[in-house]
C-alpha cells in the first residue's frame, strides 16, 4: 500500500500555484507589473502564507515571477511551460536572448525552406500561399499578425517532412515574440516581400531561392533586434555613468 | 475562498501515475516490456482500477506506455518530460524520428562548432580537451560513453555563447540515444578521430575545420542510423509479404 496523504501539503502548494497563474493571466497582471503581497494573496486564496510562498517559488522557478528584495514580486513573463517547454523564460537578458533565438532560426529555417521544396504536396502548396496572403492582409489592415506569422513559418517546417523542426519552430518563434516587443511595422515592406519570395520559391521547387529568401527575411529581423539590443546596452551604460557623476 | 477538495480525485490519478512511473524506472521495466495488468496494479497500489486506467492514460499521453489491444500495456520509452521537454517520445516511428533528429543536429552542430571558435575561453578549451579524453577512455575501456558524449557536444554548444543551443543540444542528443539503440562500437574509430579533429580545430580557432569535422562526425552517425532504418523497413516489408503468401 502506498501513502498518498502525506503528499497533500505539497499538492496544495501546486494547486495554489495554478490558481495564482490563472489570476495573473486572468486579471491580467502584465509583464513588468507587481503582484499583490503575501498577506493579500493568502487572504484571497484562503490559505496560509507558507503555501503562498511555495506557490510563488514555483512560479519563480518557471520564470514567471521574480522576487525583488524590498520591492515586491514582479511578473517577468506570462509564457507558460506549454508555450515555453524549454524554459527559455528562465534565461535573463531578454534582448540578448532574442538575438540568440534569431541565430538559431538562422541555422534552421533556411535549411528547412530548402528541404520543403523537395517534400511539399499540392495541398500544402495551396495552404502555404493562403497563409502568405493572410499574413499580408493582417499586416496591411494594421491587425496583429504575429501568431499568423508563426503559423506561416511552422507550416514551412511541416512541409519539410521533419517532425522535430515542426515542433521546434513554433517554440523558438513564439519565444522571440515574447522577449522582444518588435515593432515589426517598421519592417512591413521587407517582411511582405521576403515572405512572398519564400512562398514562390518553395512552390516552384527552387531550393536555393527558398533558402536565400529565408536568409534575407531572417536577417531583416536580426538586424532590427540587434539595433534594439545595442540601444538598450547604450541606455544601460548611460544610466551607469550618470550614477557615477 | 477556493475549493481545492474537488480536485482530489484528479490528483489521486496524478499521484498514482507518478508512482507507476517510479515503478517502471525502479524495477526497471525496460523499453519493449509489458507492465502488469490493471488488476495487479490496482492491488499493488491499493487503488481502484479506474484510477489505474487514468494513470496509464497519463503515461500513454507522455509517450511512456503504449496500449496494444488484446496484448497488454507496453513500455515504449522511459524518457521523462524533464529529459524530453519537447515530447518527442510521443512521435511514433522511432527509426525515422532518429533520422529526423540527426538532420536537425546536422543543421545546428556544424554552425555551433564554428561559432565556438570565436567565443571559447582558455578554461573552456581545457575542459573540451578533458571531455574529449574522457569519452575516448570510456570508449576504449568498453564502458558506456553515451552520456559523456552528450556532455562533450553540450560543452561545445556552451562554448558557442548561445544559451538556446546550450539547452537544445542535450535535449536532441539524448533523444537520439533513447530512440535508436545504436551499437556505436562499430563507429569507434570514426567517433574518436572526428571528436579529436573537432577538439583540435576549436582549440586552434579554425572555424572551417571545426565545422567540417563536425559534419563528418555527424554523417558517420547518420549513415549508420539510415542503414538501421532501411533494414527495419525491409524487415517490415518481408513480414508483410510473408503474411500475404
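Residue numbers (the numbering used here), protein chains in the order written: chain L, 163 to 407; chain C, 163 to 407. By construction, the Cβ of each residue, glycine as well, lies at the ideal position given by its N, Cα and C atoms. Given the structure is predicted, the values throughout are model-derived calculations rather than measurements.
Buried or exposed: where does residue i fall if 16 or more other Cβ atoms within 10 Å of its Cβ makes it buried?
i                      : result
residue 337 of chain L : buried
residue 177 of chain C : buried
residue 295 of chain C : exposed
residue 404 of chain C : exposed
residue 179 of chain C : buried
residue 325 of chain C : buried
residue 351 of chain C : exposed
residue 335 of chain L : buried
For residue i, which of helix, strand or coil comes out of DSSP?
i                      : result
residue 412 of chain L : This structure cannot speak to residue 412 of chain L, because chain L is shown only from 163 to 407.
residue 202 of chain C : helix
residue 371 of chain L : helix
residue 229 of chain L : strand
residue 220 of chain C : helix
residue 178 of chain L : helix
residue 168 of chain C : Because residue 168 of chain C sits at a pLDDT of 45, beneath the cut-off of 50, its placement in the model cannot be relied upon, and the following sentence gives the value as read from the coordinates. Residue state, collapsed to three classes: helix.
residue 210 of chain L : coil
residue 235 of chain L : strand
residue 293 of chain L : helix
Smallest Cα separation from residue i: which of the options?
i                      : options                       : result
residue 289 of chain C : C:319, C:263, C:269 and C:308 : C:319
residue 304 of chain L : L:275, L:349 and L:285        : L:349
residue 411 of chain L : L:212, L:184 and L:267        : Only positions 163 to 407 of chain L appear in the structure, and residue 411 of chain L is not among them; the question remains open.
residue 375 of chain L : L:355, L:324, L:323 and L:404 : L:355
residue 369 of chain L : L:179, L:388 and L:321        : L:321
residue 333 of chain L : L:245, L:199 and L:360        : L:245
residue 347 of chain L : L:173, L:397 and L:386        : L:386
residue 366 of chain C : C:266, C:335 and C:286        : C:286
residue 361 of chain C : C:291, C:190 and C:214        : C:291
residue 255 of chain C : C:219, C:394, C:402 and C:400 : C:394
residue 377 of chain L : L:392, L:357 and L:396        : L:357
Hey, residue i and residue j: beta-carbon distance below 8 Å or not?
i                      : j                      : result
residue 331 of chain C : residue 316 of chain C : yes
residue 314 of chain L : residue 339 of chain L : no
residue 383 of chain C : residue 263 of chain C : no
residue 204 of chain L : residue 175 of chain L : no
residue 260 of chain C : residue 373 of chain C : no
residue 390 of chain L : residue 257 of chain L : yes
residue 206 of chain C : residue 236 of chain C : no
residue 234 of chain L : residue 199 of chain L : yes
residue 143 of chain C : residue 182 of chain C : The question about residue 143 of chain C has no answer here: the residues shown for chain C are numbered 163 through 407.
residue 388 of chain L : residue 268 of chain L : no
residue 238 of chain C : residue 209 of chain C : no
residue 327 of chain L : residue 266 of chain C : yes
residue 173 of chain L : residue 173 of chain C : yes
query: Is there contact here, the region 249 to 258 of chain C with the region 224 to 232 of chain C, by at least three beta-carbon pairs under 8 Å?
result: yes
- prompt: Counting Cβ pairs closer than 8 Å, one from the region 309 to 316 of chain C and one from the region 276 to 284 of chain C, do we hit at least three?
  reply: As far as the Cβ criterion goes, the region 309 to 316 of chain C does not touch the region 276 to 284 of chain C, which means the pair count is below three.
query: Does the region 255 to 274 of chain L come close enough to the region 295 to 304 of chain L to have 3 or more Cβ pairs within less than 8 Å?
result: no
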